[in-house]
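J.: Per this note's numbering, the very first residue in the sequence shown carries number 78; after that it's consecutive.
In this text, a Cβ means the ideal position worked out from N, Cα and C, and glycines have one as well.
Can you keep this structure in mind? I'll have questions shortly.
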Amino acid sequence: QDWDLHHDDKASIFVWMCYACNNQFRILNEDCPQNGSDNLGLVFESRLRRIGRMVAILDRWDQPTYHKRIWTQFEQFTASKLCIPVTMILPPQEAESLRDKIRS
Numbered sequence: 078q079d080w081d082l083h084h085d086d087k088a089s090i091f092v093w094m095c096y097a098c099n100n101q102f103r104i105l106n107e108d109c110p111q112n113g114s115d116n117l118g119l120v121f122e123s124r125l126r127r128i129g130r131m132v133a134i135l136d137r138w139d140q141p142t143y144h145k146r147i148w149t150q151f152e153q154f155t156a157s158k159l160c161i162p163v164t165m166i167l168p169p170q171e172a173e174s175l176r177d178k179i180r181s
């Protein structure tokens with residue numbers, strides 16, 4: 078909610094959630110036709126390139142879970158490699174906590 082306040086044309090905001098489209102658990106299942114991760118990076122890269130920007134949703138500013146997962150590290154690496162702008166957002170109470178910390 079906080080994030081969309083900075084965008085005038087809300088009708089042009091679409092969200093593509095990587096975890097829902099690139100099932101990282103299903104690729105490990107040998108019985109699944111989407112088995113394998115050989116092209117997962119290429120699929121993610123092409124979609125990110127087409128979208129042109131990325132929003133990372135953090136749970137907290139101090140030791141976020143987001144940075145403890147290898148896939149999200151790969152997301153950040155790929156965005157950096159492709160020069161894709163990344164916006165990191167926090168829940169309102171965490172954003173306020175971070176602002177308080179910066180001010181102190």
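For residue 142, report the span of its alpha helix (DSSP H) as first-last.
T.: Your numbering for residue 142 matches position 65 in the sequence shown. For residue 142, no alpha helix (DSSP H) run applies, since DSSP gives it neither H nor E.
J.: Distance, Cα to Cα, residue 129 vs residue 177?
T.: Position 52 of the sequence shown, counted from the start, is the residue given in the question as residue 129. Position 100 of the sequence shown, counted from the start, is the residue given in the question as residue 177. Take the alpha-carbon of residue 129 and the one of residue 177: they are about 32 angstroms apart.
J.: Is the separation between the beta-carbon of residue 164 and that of residue 122 shorter than 7 angstroms?
T.: The sequence position of residue 164 within the sequence shown is 87, counting from 1. The sequence position of residue 122 within the sequence shown is 45, counting from 1. No, Cβ-Cβ distance for residue 164 and residue 122 is not below 7 angstroms.
J.: Could you please give the first and the last residue of the uninterrupted alpha helix (DSSP H) stretch that includes residue 163?
T.: In the sequence shown, the residue the question calls residue 163 occupies position 86. First-last for residue 163: 163-166, but that is the beta strand (DSSP E), not the alpha helix (DSSP H).
J.: In whole angstroms, give me the CA-to-CA distance for residue 160 and residue 137.
T.: By one-based count along the sequence shown, residue 160 stands at place 83. By one-based count along the sequence shown, residue 137 stands at place 60. Roughly 25 angstroms separates the two Cα atoms.
J.: Should residue 167 and residue 135 be called a contact, given that it needs their Cβ atoms to be closer than 7 angstroms?
T.: What you label residue 167 is simply residue 90 of the sequence shown in a count that begins at 1. What you label residue 135 is simply residue 58 of the sequence shown in a count that begins at 1. Result yes, Cβ atoms of residue 167 and residue 135 sit closer than 7 angstroms.
J.: Assign residue 119 to buried or exposed, taking buried as 16 or more other Cβ atoms, counted over all protein chains shown, within 10 Å of its Cβ.
T.: Numbered from its first residue, the sequence shown carries residue 119 at position 42. The residue is exposed, with fewer than 16 neighbouring Cβ atoms inside 10 Å.
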